[in-house]
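What follows is one structure encoded as structure tokens, with my remarks underneath.
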Amino acid sequence: MKLLCHNIHDPTADEQQQLNTTVTVNASTVEQVQVVTTPSSMRWSKSSKVDSGVRIDFDEDIWTFKSLDQVHAKFTLFFCFCLLTAFYIMPPPSISEDEVEDFLARVDGISKTLDGLNDGTISVEDLDRMERQKELLAARQEREAKEAEESSAKRKEELESRRDAAKVKVDEIMERKIKKDKARERFVDYEKTDKKSSFITTSTDYTGWDLWCPSDEEDDLIKTLPPSTDPAFKAMEKDMDDRHERMKQKIKTATKLREAGNKSYRAGQYMEAYKNYEAGLDADKRVIELQANAAMAALKVKMPVQAIEHCDQVFRLADFFLERPKHPLVFKAYLRRAEAHKMLKHYEYCVRDLEEAVKFDPADKEAKKLLEAAKKDLAEHMRMQGLVANTSALQTVGNTEAQDPSQLPAAPVDISSASLQALGRIEKLVKVIIPEEASSEAETAAGNKENVDTEVEPTEATKSSKADASTRATAIAGACGELKELLETEEDHRIYLRGCGGMDAMMKQLLANEGSTAMVLRALGSACRNDRNQVHLYQDKVVVVRVMKAMEHTELEVRQAAAALMHTCSSCEAARKVMATELRSRRQLLRAMIAALTVDDAALQANTVGMLSNCALEGALRIALREEAEKGEGGDVLSKVLGLLKSPLDFVQERAATLFGNLCADKQLLEGLAKEESAVAALVEALPGAADPLATKAPAGMAGMGLGGKASEKKAGAKKQGGRAEAKDSAHVAAVLAALANCMLNPAAQAKVASKGGVRRLINLLEHESLLVAGRAAAALARASKPAEGMRETLKRGGVGALVELLHRTGRISDIVKSDEEEAEMRSAVMDSAVRAVAGCTAASAEAATQVCAAAGGLAALVGVVGDASASEGAVGNAALSIADTVKHDAGLAALLESDVEPVPPLIQAAHKRTGAAQKNAAIALARMARHPALLDQIRKLNGIEIIYAYVKP
1 MKLLCHNIHD
11 PTADEQQQLN
21 TTVTVNASTV
31 EQVQVVTTPS
41 SMRWSKSSKV
51 DSGVRIDFDE
61 DIWTFKSLDQ
71 VHAKFTLFFC
81 FCLLTAFYIM
91 PPPSISEDEV
101 EDFLARVDGI
111 SKTLDGLNDG
121 TISVEDLDRM
131 ERQKELLAAR
141 QEREAKEAEE
151 SSAKRKEELE
161 SRRDAAKVKV
171 DEIMERKIKK
181 DKARERFVDY
191 EKTDKKSSFI
201 TTSTDYTGWD
211 LWCPSDEEDD
221 LIKTLPPSTD
231 PAFKAMEKDM
241 DDRHERMKQK
251 IKTATKLREA
261 GNKSYRAGQY
271 MEAYKNYEAG
281 LDADKRVIEL
291 QANAAMAALK
301 VKMPVQAIEH
311 CDQVFRLADF
321 FLERPKHPLV
331 FKAYLRRAEA
341 HKMLKHYEYC
351 VRDLEEAVKF
361 DPADKEAKKL
371 LEAAKKDLAE
381 HMRMQGLVAN
391 TSALQTVGNT
401 EAQDPSQLPA
411 APVDISSASL
421 QALGRIEKLV
431 KVIIPEEASS
441 EAETAAGNKE
451 NVDTEVEPTE
461 ATKSSKADAS
471 TRATAIAGAC
481 GELKELLETE
491 EDHRIYLRGC
501 GGMDAMMKQL
511 LANEGSTAMV
521 LRALGSACRN
531 DRNQVHLYQD
541 KVVVVRVMKA
551 MEHTELEVRQ
561 AAAALMHTCS
571 SCEAARKVMA
581 TELRSRRQLL
591 RAMIAALTVD
601 DAALQANTVG
611 MLSNCALEGA
621 LRIALREEAE
631 KGEGGDVLSK
641 VLGLLKSPLD
651 FVQERAATLF
661 GNLCADKQLL
671 EGLAKEESAV
681 AALVEALPGA
691 ADPLATKAPA
701 GMAGMGLGGK
711 ASEKKAGAKK
721 QGGRAEAKDS
731 AHVAAVLAAL
741 ANCMLNPAAQ
751 AKVASKGGVR
761 RLINLLEHES
771 LLVAGRAAAA
781 LARASKPAEG
791 MRETLKRGGV
801 GALVELLHRT
811 GRISDIVKSD
821 EEEAEMRSAV
831 MDSAVRAVAG
841 CTAASAEAAT
851 QVCAAAGGLA
861 ALVGVVGDAS
871 ASEGAVGNAA
881 LSIADTVKHD
891 AGLAALLESD
901 VEPVPPLIQA
911 AHKRTGAAQK
921 NAAIALARMA
931 RHPALLDQIR
941 KLNGIEIIYA
951 YVKP
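Heads up: the sequence shown at position 29 corresponds to 29 in full-length UniProt numbering, and the numbers run straight through without jumps.
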């Protein structure tokens, strides 16, 4: 009950007589009493509700009291009435004893309060103060109860949140465990099959999954968590946190070490990179990127067995753990494991891995190239084994030169008796060339040095052991000469030489310096017409440096032989990289090479410039030559190269032009060459004109000095005809065109070509019988016609029509690619060059668009390129652009309508299936053709309007 009394004071005697106290009762239990005092009377208002929900309403009677005693008496009777009503008349069914006691206590409190008011022991102020204290106490209790409730709810929420977090961690750990368990099951199933999986290996045999994916701490993990209220939850929560933190730390460590390994690898610190990758795998063996990178680094530090192991893990992770057999790293793992097998001479496995790589990505040209080389290595290896077996069989019977082959055991390979006798003779000659023991020991000591700056001289013990040094030198020279002749006749002889140890014998003899250095170099040059022999030679850097130092020899014959050997070997990428690196670090040797360019000897010049042109494909040599040109040491490199472009010998011009073109890959060298008026003029003049003589052949006998070799063999079948464009050798003209096109990457050179009459010569070469020459002429013309003078010359001499004719000669790539991929690739390059030149002309000149329409089948040729499914993206994009630039003119659109060409379907097809610029240019061409109602209707029928709106704003 709440009692509020306001404005009560002791009345005066007069007021006491007039005092009337009125109480209004509205309910059975008093909740509020309000006393309003006026000078003449006091009115108390009360209203209440029964706690049980039973409400007793009285009529609004007015009770009038004359004194406080009457108020007390009346209220006492009233509360008694309430009790009787509550407990006897309408007893609530659910009132407890505590509630009754509480109610009586409240009644007692009210009674005491009324007594205190009556006898004056309690004043109204005391009553207000007590009421305020009760209110404050109630508010505090309510606040504390609320805070306690909120705190309890918060603790409960935190516990649930912690349990959820722990469950997430458990789920994450369990997911890895389940994943591993499933992977192990798949591996066990694989073990029960015939094991024709992708990770066949000869170096390791993983018979169990746990060898590489060991049992880790999640294996004994409890799969369920107790409720958050369970006392065991707190202990298990800490265990989950610890396990999850260790798991995260392992992943973090593996990632950090992988990044460190990548950084070391990019810096060329391959062993450090390998160590980082291995450390990362110690933290987490299931990171497929770490396995693949470790294989790559292992190859760099010549650890093929470890590379194979890591590649095997890549396959296992992709197949079993990640369930992604087509993971991108699988392709790389095939290539890397193939390289490792090649190092170990496991050629059959090398071929198998590369075949799988080609199946994985049939469009990868590098994989196809490697596969072809691997098949060749395998065939040669098997051939060599057969030859060795044949020779061994002959030796077990008797003298190989006198024995009748029909009486010998069956040979593993088919070979004539003359060839068998030649192999036997090779083996005998090799024994003559092998250095004596003392010289061999001297060479071995020298070979242990990383760098060799001086020739290995025979020791005193070696000199004293020789009965006749002159006789020994003569015997070696004679053996090398005869061996050279045998090696030039058949490939089997060159293969067998490596199998019987002949390559090693000649390399040792070169270091021992017992006999004629020139003859040893010539014999090695003949042997290195075999690719595998080249690789074998250049794996020994000591021998490489010895060959290079021969260029400083005083005898011309020695320098000729050394230059011929290096030119032959520079066709091999592995050998070329070694030579370029050594020449950059050994500038004295590089200067000796540069000096040889001006020696009055065609063979030395041709082989030296040929070797430098091949090695200039490597950035290391380009940097070295640029630095030499800047310092001026060793003479003016560029002027010497330009001088060779004016050589009367075409084969010298060709190699000089190739060197010129390769040097243009260096930006600074290109800038210097483009500014040289004489450089551009020399290249233009090297192109065939209207009255060029037939190509000058190499002097007799020079083929044996390295001027024949593979390059000459390839050129042997080239057609040479009279006339304006076929007078010179095709390979020579192609080399000059490539150099000219590379030089015109600089705008300064483009203007010079036009002023020197180069455009006329380029247009003439578009009619060359060789598509390779015609294609390179088109590539050069595309750049030469960029300046205004070049464009005018191109249009004046009918260059656009010649380019259109070249497109017709190229044909459809789709019709060729199925039968001859190499031919299709060459024709595709010609098409790219021709259509790029046409697009450049039509974009710059309306006259060019007119010439396209006037040319026989001009628009048809461009539309044919757009519709060729095997044409490159660049060719399709340029063809579509040229069509768009042609039909934007009314005359061009009219010519298109008059022709029998149907351009809309192939353009819409290109817009749907092509990407990038090709797609956009096709849409632009369609938009410009839509100006004509008939073409617009056709475009609409083929749903081409959406394509137009996607790229062209209305």
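Where is the CB? At the ideal position from N, CA and C, for every residue including glycine.
Inter-residue Cα distance where the pair is residue i and residue j
{"i": "ASP453", "j": "SER828", "result": "Because ASP453 carries a pLDDT of 44, less than 50, the predicted location of this residue cannot be relied on, and the following value inherits that uncertainty. If you take the alpha carbons of ASP453 and SER828, they lie about 48 Å apart."}
{"i": "MET247", "j": "LYS285", "result": "12 Å"}
{"i": "VAL545", "j": "ASN276", "result": "33 Å"}
{"i": "LYS640", "j": "VAL599", "result": "11 Å"}
{"i": "residue 968", "j": "ASP364", "result": "Lying outside 1 to 954, the shown extent of the chain, residue 968 is not represented and no answer is given."}
{"i": "GLU618", "j": "LEU590", "result": "14 Å"}
{"i": "THR810", "j": "ASP531", "result": "33 Å"}
{"i": "ALA374", "j": "VAL358", "result": "13 Å"}
{"i": "LYS345", "j": "SER730", "result": "39 Å"}
{"i": "MET551", "j": "ARG529", "result": "20 Å"}
{"i": "residue 980", "j": "ILE251", "result": "This structure gives no information on residue 980, because the portion of the chain shown stretches from 1 to 954."}
{"i": "HIS932", "j": "LEU683", "result": "48 Å"}
{"i": "LEU420", "j": "ASN390", "result": "8 Å"}
{"i": "ALA837", "j": "HIS889", "result": "20 Å"}
{"i": "GLU259", "j": "ALA267", "result": "13 Å"}
Own chain residues within Cβ distance below 6 Å of residue i, not counting five before or after
{"i": "GLN919", "result": "ALA911"}
{"i": "ILE945", "result": "none"}
{"i": "CYS311", "result": "ALA295, ALA333, ARG336 and ARG337"}
{"i": "CYS480", "result": "MET519, VAL520 and ALA523"}
{"i": "GLN887", "result": "As written in the sequence, residue 887 is Val, which differs from the Gln given in the question. So the qualifying residues of the chain are LEU893, LEU896, ARG928 and MET929."}
Cβ neighbours of residue i in the same chain (closer than 7 Å, five flanking residues each side left out)
{"i": "ALA880", "result": "VAL866, LEU907, ALA910, ALA918, ASN921, ALA922 and ALA925"}
{"i": "GLU355", "result": "LEU371"}
{"i": "GLY525", "result": "ALA561, ALA564, LEU565, THR568 and GLY706"}
{"i": "ALA884", "result": "ASN921, ILE924, ALA925 and ARG928"}
{"i": "GLU348", "result": "LEU378"}
{"i": "PRO325", "result": "ALA318 and ASP319"}
{"i": "GLU380", "result": "ILE495 and ARG532"}
{"i": "PRO787", "result": "GLN750, ALA751 and ALA754"}
{"i": "ASP404", "result": "Bear in mind that the predicted position of ASP404 carries a pLDDT of just 47, short of 50, making it unreliable; the figure below should be weighed with that in mind. Closer than 7 Å at Cβ, skipping near neighbours: no residue."}
{"i": "TYR265", "result": "ALA273 and ALA297"}
Cut-off 8 Å between Cβ atoms - residues of its own chain near residue i, not counting five sequence neighbours on either side
{"i": "VAL652", "result": "ALA602, GLN605, ALA606, VAL609 and LEU644"}
{"i": "residue 994", "result": "Because residue 994 is not part of the residues shown, which for the chain are 1 to 954, the question remains open."}
{"i": "ALA139", "result": "none"}
{"i": "ILE813", "result": "ALA824, ARG827, SER828, MET831, ASP868, SER870 and ALA871"}
Proximity below 7 Å, CB of residue i to CB of residue j
{"i": "ALA780", "j": "LEU762", "result": "yes"}
{"i": "VAL835", "j": "GLU793", "result": "no"}
{"i": "SER882", "j": "THR842", "result": "yes"}
{"i": "ARG776", "j": "GLN750", "result": "no"}
{"i": "MET579", "j": "HIS536", "result": "no"}
{"i": "LEU329", "j": "VAL314", "result": "yes"}
{"i": "LEU642", "j": "ALA679", "result": "yes"}
{"i": "LYS756", "j": "ALA686", "result": "no"}
{"i": "ALA748", "j": "LYS675", "result": "yes"}
{"i": "GLY892", "j": "ALA849", "result": "yes"}
{"i": "ALA505", "j": "VAL430", "result": "yes"}
{"i": "GLN851", "j": "GLY790", "result": "no"}
{"i": "THR253", "j": "ALA283", "result": "yes"}
{"i": "ASP353", "j": "PHE331", "result": "no"}
{"i": "GLY280", "j": "LEU299", "result": "no"}
{"i": "ARG584", "j": "ASN614", "result": "no"}
Does the contact criterion of 3 or more C-beta pairs under 8 Å hold for the stretch 852-861 versus the stretch 813-822? no
Contact the stretch 654-673 vs the stretch 731-751: 3+ CB pairs below 8 Å: yes
Looking at C-beta atoms only, is the number of pairs between the stretch 287-306 and the stretch 264-276 that lie closer than 8 Å three or more? Counting Cβ pairs under 8 Å, three or more are found: they touch.
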